[in-house]
Structure formats: structure tokens, C-alpha cells
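Asks: Quick one: the structure is below, questions incoming.
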Amino acid sequence: MNFRITINALGSAALLAWAAPSLADGPGDKITPNFEQGIPNIPGKSLVAVEVDYPPGGTSLPHVHAKSAFIYAYVVSGSIESKVNNGESRIYKAGQSWSEPPGASHPVSRNASKTEPAKLLAIFVVDTDDKELTTFKY
Numbered sequence: 076m077n078f079r080i081t082i083n084a085l086g087s088a089a090l091l092a093w094a095a096p097s098l099a100d101g102p103g104d105k106i107t108p109n110f111e112q113g114i115p116n117i118p119g120k121s122l123v124a125v126e127v128d129y130p131p132g133g134t135s136l137p138h139v140h141a142k143s144a145f146i147y148a149y150v151v152s153g154s155i156e157s158k159v160n161n162g163e164s165r166i167y168k169a170g171q172s173w174s175e176p177p178g179a180s181h182p183v184s185r186n187a188s189k190t191e192p193a194k195l196l197a198i199f200v201v202d203t204d205d206k207e208l209t210t211f212k213y
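Numbering (the working numbering), first residue to last: 76 to 213.
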């Protein structure tokens, strides 16, 4: 997996979301790599973690995750509104978490507050060969 290229693409998409209000509801998000390692007892799988920082009112563009990616999301600070696939939109507060099945569609992912920042830790269990963790839907 070329993790740097994937994260650079995610960062570029976040910058595009911030710079192009017509493509996003708010100023966007900042994605920072946190961890990446192959899982020794599960050949062909890797564990990848990224931090997603949302400024007040920040949002991610609607996106789909890799077909192999099982995701665990943990709210580090603030409150995050999330909708996975056709489920209900929910607001998660610091200390709360949820999971997303492989290939999940993520039509809503944003800071629930217009005045306070929020941070999310997303942990992916993904096929090591998957090159893109996230594909944005425009």
C-alpha cells in the first residue's frame, strides 16, 4: 500500500473541500497519518490509522471507503455527526465510537459544532494492496 500517496490524495481532497465551498458544506477537514503496519498473523491485511481534525462547522465531502476496509471510528474531542450507508445520522461525542463495514458509503461526516473544533481517530483494517482508503463522491 502506498500510504503516503493515499494520505496526500486525502489531504488534497480536504484542501479542495476547504477551498471550494460549492463542493462542501463547510471549510473541510485535515487528515493526518497516525499509524500503518501489516498485521503479522493476518497475511495481506494492514492496520492503518488516521486523525481527522474538523474546524468549527467543518465537514468532509461525501465518500466511500475501500471495499476491504473495516473501520473503527473514535471521537477524540468535540462532537461529530456521522451517517453510514442508509443508516440514521447520529451525533457522537468525545469518547464514543462506531464501526463501518467494508465498502461503506459515508454521506455525512462533519463537526456537529459551529463553534468548537472536533477530532476523530479512524482505524482501518484493510487489504495491504488497497491503494485508496477513501474515494470522494462529487
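All residues carry an ideal CB built from backbone N, CA and C; glycine is no exception. In this text, all values refer to a predicted model and were calculated from it rather than measured experimentally.
#1: What separation, rounded to the nearest whole angstrom, lies between the Cα atoms of PRO182 and PHE211?
#2: So THR190 and SER121 are in contact, right, with Cβ under 8 angstroms, and what is the actual spacing, rounded?
#3: Less than 8 angstroms between the C-beta atoms of SER172 and ALA193, yes or no?
#4: Express the C-alpha separation of SER152 and LEU195 in angstroms, rounding to a whole number.
#5: Compute the Euclidean distance between the alpha carbons of VAL145 and PRO131, then round it to the nearest angstrom.
#6: Nearest CA to the CA of GLU163: which residue from SER180, SER188, GLY170, ALA169?
#7: Since GLN227 sits in a beta bridge, which residues does DSSP pair it with?
#8: On the premise that VAL139 lies in contact with TYR282, defined as a C-beta separation below 8 angstroms, what is that separation, rounded to the nearest angstrom?
#9: How far does the beta strand (DSSP E) with LYS206 in it extend, from its first residue to its last?
#10: Taking the beta carbon of ALA197 as the centre, do at least 16 other beta carbons fall within 10 Å, making it buried, or is it exposed?
Replies: Straight from the coordinates:
#1: In this structure, the CA atom of PRO182 is about 10 angstroms from the CA atom of PHE211.
#2: Wrong, their Cβ atoms sit about 37 angstroms apart, outside the cutoff.
#3: Between SER172 and ALA193, the CB-CB gap reaches or exceeds 8 angstroms.
#4: Cα to Cα, the separation comes out at about 7 angstroms.
#5: For clarity, residue 145 is Phe in the given sequence; the question names Val instead. In a straight line, the C-alpha of PHE145 is about 28 angstroms away from that of PRO131.
#6: Ranking SER180, SER188, GLY170, ALA169 by Cα distance to GLU163 puts SER180 first.
#7: In the structure as shown, the chain begins at 76 and stops at 213. Residue 227 is therefore absent and cannot be evaluated.
#8: Given a span of 76 to 213 for the chain in the structure shown, any question on residue 282 remains unanswerable.
#9: Taken as a continuous stretch (DSSP letters only), LYS206 belongs to no beta strand (DSSP E), as it is neither H nor E.
#10: Buried, since its Cβ has 16 or more Cβ neighbours within 10 Å.
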